[in-house]
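Only one structure is covered here, and it is reproduced in the block below.
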Amino acid sequence: MEIMMNESKEKVTVADIARRVGMSKSAVAKVLHDNRSTIRVGKEKAELIRKVADEMHYRPNTVARALRSGRTGLLGIVLGGLQSPYFAEFAEQAMEIAEARGRRLIVSPVRWGVEREQAALDSLLRNNVDGVILKTGLFSVRPELAESYFDCGTPIVLSLETHPLYSAQGEDVASGMRELFHAMRRSGIADLAMAVNDRSDARREAYLACCSEFGVAPRLFRFSSYDQPSLKVCADEIVEAGVKHLLVCSDHYALRLLSLLGAAGLRIPEDIAIASIGGTTASSYANPPLTVIDQNIRLQAEVLLDLLLERIEGSPEIRHRLVPTRLVARKSFPLHN
947 MEIMMNESKE
957 KVTVADIARR
967 VGMSKSAVAK
977 VLHDNRSTIR
987 VGKEKAELIR
997 KVADEMHYRP
1007 NTVARALRSG
1017 RTGLLGIVLG
1027 GLQSPYFAEF
1037 AEQAMEIAEA
1047 RGRRLIVSPV
1057 RWGVEREQAA
1067 LDSLLRNNVD
1077 GVILKTGLFS
1087 VRPELAESYF
1097 DCGTPIVLSL
1107 ETHPLYSAQG
1117 EDVASGMREL
1127 FHAMRRSGIA
1137 DLAMAVNDRS
1147 DARREAYLAC
1157 CSEFGVAPRL
1167 FRFSSYDQPS
1177 LKVCADEIVE
1187 AGVKHLLVCS
1197 DHYALRLLSL
1207 LGAAGLRIPE
1217 DIAIASIGGT
1227 TASSYANPPL
1237 TVIDQNIRLQ
1247 AEVLLDLLLE
1257 RIEGSPEIRH
1267 RLVPTRLVAR
1277 KSFPLHN
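To convert, count from 1 in the sequence shown and add 946; that's the working numbering.
Have a look at this one:
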């Protein structure tokens, strides 16, 4: 049976919703459009407005809104490939938070590489997004680009790197790392190697600092990002070296190493204990579940969106905010409390 849509049905307006909830048009617009008015709307009333708008099938006129405000309501993010559990989970959390704040987030995943990262950033800017989260470390690799993009007129905030011109979210990986080393000491573990790639300098430095503080001899095993053959070579080197306790720079590569080391005949954790830096949902589903230095992905997304919206609203303050990490012990790397 063919269902005919009622094309003559009038479009629901802000005024219609205001009449239904018994509030002013400006108050309703404040909630639905997240505009810059100074009107205060309580949480319960804001929830009622959104509920009624949903029931009435309200759809904002984004073109008219952009013409009035000079904004599209669109945000962009450039980040690593979504085959990584971390980036996939981060993108999902960020989209959910952006939607709750009346914005739509365009996600642009890229494989590592300066040209790809820059092309993705340029594409978002051409699409007139109101602001961009750059979560690749592009300006660390190409510092000369930082000043030119600062002058582009669209706010950009950073993650995975810092720069004096940009607000940025970082992770306090040292806090979780020290928890791991303290737990190792309580458990009588005196050695820890680390598998690192070319995008994990801050994590490597936190590991080296803890090795120095706790009197552990550092052992680094290196591989390249998105390079499966080099990761296989790294796994072979770990097996050959007889490593007993291993920290991996991310959940993504820890999960791959679990498979490679298992294929080499090693049992986890009996032959080699493995921990990682991440805390993605996927880490808890591993066999065995991964001990992690948890990055708090949800809080990272909230902090970045807060920083970006501040800049979009015209705040001149450049802020660098650190998100703490914490140790979550599971079966892949047994530790005493």
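A virtual CB, placed ideally from N, CA and C, is assigned to each residue, including glycine. From a predicted model like this one, the values you see are computed outputs, not experimental measurements.
The three-state secondary structure of isoleucine 1239, taken from DSSP, is strand. In the displayed model, glycine 1225 falls within coil according to three-state DSSP, outside both helix and strand. In terms of CA proximity to alanine 1187, Leu1138 leads the group Leu1138, Ala1155, Asp1197 and Asp1000. Rounded to whole angstroms, the gap between the alpha carbons of proline 1270 and valine 958 is 44 Å. The C-beta of asparagine 1143 has 16 or more other C-beta atoms within 10 Å across all chains shown, which makes the residue buried. Cβ neighbours of phenylalanine 1169 within its own chain (closer than 6 Å, five residues either side excluded): Asn1143, Ser1176, Leu1177 and Cys1180. Leucine 1166 and leucine 1104 have their C-alpha atoms spaced approximately 28 Å apart. Looking at the DSSP output, lysine 1081 shares a beta bridge with Leu1025. Only residues of its own chain outside the window of five on either side were considered, and among them His1191 have a CB closer than 7 Å to the CB of isoleucine 1135, listed in chain order. With the rule of 3 Cβ pairs closer than 8 Å, the stretch 1103-1121 counts as touching the stretch 1239-1257. Annotation for arginine 1165: the continuous beta strand (DSSP E) segment containing it runs 1165-1168. Under the three-state reduction of DSSP output, aspartate 1000 falls in the helix class. Note on geometry: alpha-carbon atoms of valine 1189 and aspartate 1076 lie some 49 Å from one another. Counting C-beta atoms within 10 angstroms of its own C-beta, glycine 1083 has 16 or more neighbours from the protein chains shown and is therefore classed as buried. Between isoleucine 1220 and serine 1278, the CB-CB gap stays under 7 Å. Contact check for isoleucine 1214 against serine 1196 fails: the beta carbons are separated by 7 Å or more. Just so you know, the alpha carbons of valine 1162 and glutamate 1038 end up roughly 38 Å apart. As for any alpha helix (DSSP H) of minimum length 4 sitting wholly inside the stretch 1053-1105, the runs are 1060-1072, 1084-1087 and 1090-1096, ordered along the chain. The beta carbons of leucine 1273 and glutamate 1125 sit about 4 Å from each other, so the pair counts as a contact at 8 Å.
For histidine 1198, the enclosing alpha helix (DSSP H) stretches over residues 1197-1209. The three-state reading of DSSP puts valine 1162 in coil, since its state is none of H, G, I, E or B. Here leucine 1021 really is in contact with leucine 1051; their C-beta atoms are around 5 Å apart, less than 8 Å. Ranked by Cα distance from threonine 1226, the options Ile1218, Leu994, Ala1209 and Arg1244 are led by Arg1244. Non-local beta-carbon contacts of valine 1053 in its own chain, meaning distances under 6 Å to residues more than five positions away in sequence, involve Ile1023 and Ala1037 in chain order. The three-state reading of DSSP puts methionine 1130 in helix, counting H, G and I together. In this structure, the CA atom of aspartate 1240 is about 32 Å from the CA atom of serine 1069.
Contact check for leucine 1212 against arginine 1276 fails: the beta carbons are separated by 7 Å or more.
Shown here, methionine 969 sits in coil according to DSSP, grouped into three states, outside any helix or strand. In this structure, the straight-line span from the alpha carbon of serine 1133 to that of histidine 1282 is close to 5 Å. Apart from the 5 residues on each side of it in sequence, arginine 1131 sits with its Cβ closer than 8 Å to the Cβ of Phe1160 in its chain, given in chain order.
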